[in-house]
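Contents: one structure, followed by commentary.
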Amino acid sequence: MDRIGIFGGSFDPVHLGHLLVAQAAREELDLARLFFVPAAQSPFKPDARPTPAPERLRLLRLALAGETWSEVDDQEIRRGGVSYTIDTVRDYARRFPAAQLFYLIGADHPPQLPEWREADELARMAEFVVLPRPGQADVPFPAPFRGRRLAGFPLGVSSSQVRARVKAGLPIGRLVPEPVAEAIRNNRLYL
Ligand code: ATP
């Protein structure tokens, strides 16, 4: 049975923290494939106005270029509106009916899982995987959710930090892959 990972987020922009936990997920969960699924509009950031989707997608594709096991899935962008996890997980269950699905989430999310749209159905369809981040304690999964926490590789980088550094004229070359830093510069993003 294939084991498939789904990594949702704003990816505004993708950074090395995302890529390191993605690698940990692949190794620790023995994933056949991992899909990065950028949100059109995150339900957790209702007031945020993300960078236009084509730019976020372009940066993600640059970050994942050459990877055989990970790819970008733009389905939430194509659907538009607020991006709900249940819609995306249902799509994966339809496309990969025999696969075991793993949905990656931040360490702050488990307590809120019962409030996610169609929570019972969601809990039945996927196992949830908490991504480690420095300074974040392990929290239990509320029933009926099943899950576990990855061990590697916590890195204290966030997209908001990358955006703030670009705005302040500070270098980001060690925080995002070089082709991503170059595209951010060339397209004058986050200024
Ligand atoms: P922002 O700073 O704008 O809130 P972010 O860096 O948290 O963004 P998102 O695109 O919102 O990035 O993150 C997608 C998912 O990846 C979320 O579940 C988030 O918790 C997780 N994540 C982001 N950065 C890291 C990191 N450095 N380590 C572990 N998980 C991370």
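Sequential numbering from 15 applies to the sequence shown in the working numbering.
The beta-carbon is built from N, C-alpha and C at its ideal position, and this holds for glycine as well.
Please read these numbers as outputs of a predicted model, since none were measured by experiment.
In the DSSP assignment, G23 falls within the beta strand (DSSP E) that extends over R17 to G23. Listed in chain order, the non-local C-beta contacts of P124 below 6 Å within the same chain comprise V153 and F155, local neighbours out to five positions each way being set aside. Contact between T102 and G23 fails: their C-beta atoms lie close to 12 Å from each other, not under 8 Å. Here DSSP, grouped into helix, strand and coil, assigns G120 to coil.
For E85, there is no enclosing alpha helix (DSSP H); the residue is part of the beta strand (DSSP E) that begins and ends at S84 to V86. Selection L33, R70 and R108 evaluated against W83 yields L33 as nearest (Cα-Cα). As a beta-bridge residue in DSSP terms, L115 pairs with I18.
Secondary structure note for L48: it is in no alpha helix (DSSP H), and the uninterrupted beta strand (DSSP E) holding it is R47 to P52. Cβ-Cβ distances below 7 Å link V96 to Q55 and P57 in the same chain, with the five nearest sequence neighbours on each side left out; the list follows chain order. Look at Q55 here: in three-state DSSP terms it is strand.
The ligand ATP never approaches S97 closely enough for any of its heavy atoms to be under 6 Å from the residue's Cβ.
Apart from sequence neighbours up to five positions away, the residues of its chain that approach R70 with a beta-carbon distance below 6 Å are F25, D26 and P52, ordered along the chain. Shown here for P191: same chain residues with a beta carbon closer than 6 Å to its own, the five before and five after excluded, namely A77 in chain order.
DSSP lists L118 and R162 as the bridge partner or partners of V143. Counting only the Cα atoms, Q175 lies some 10 Å from A182.
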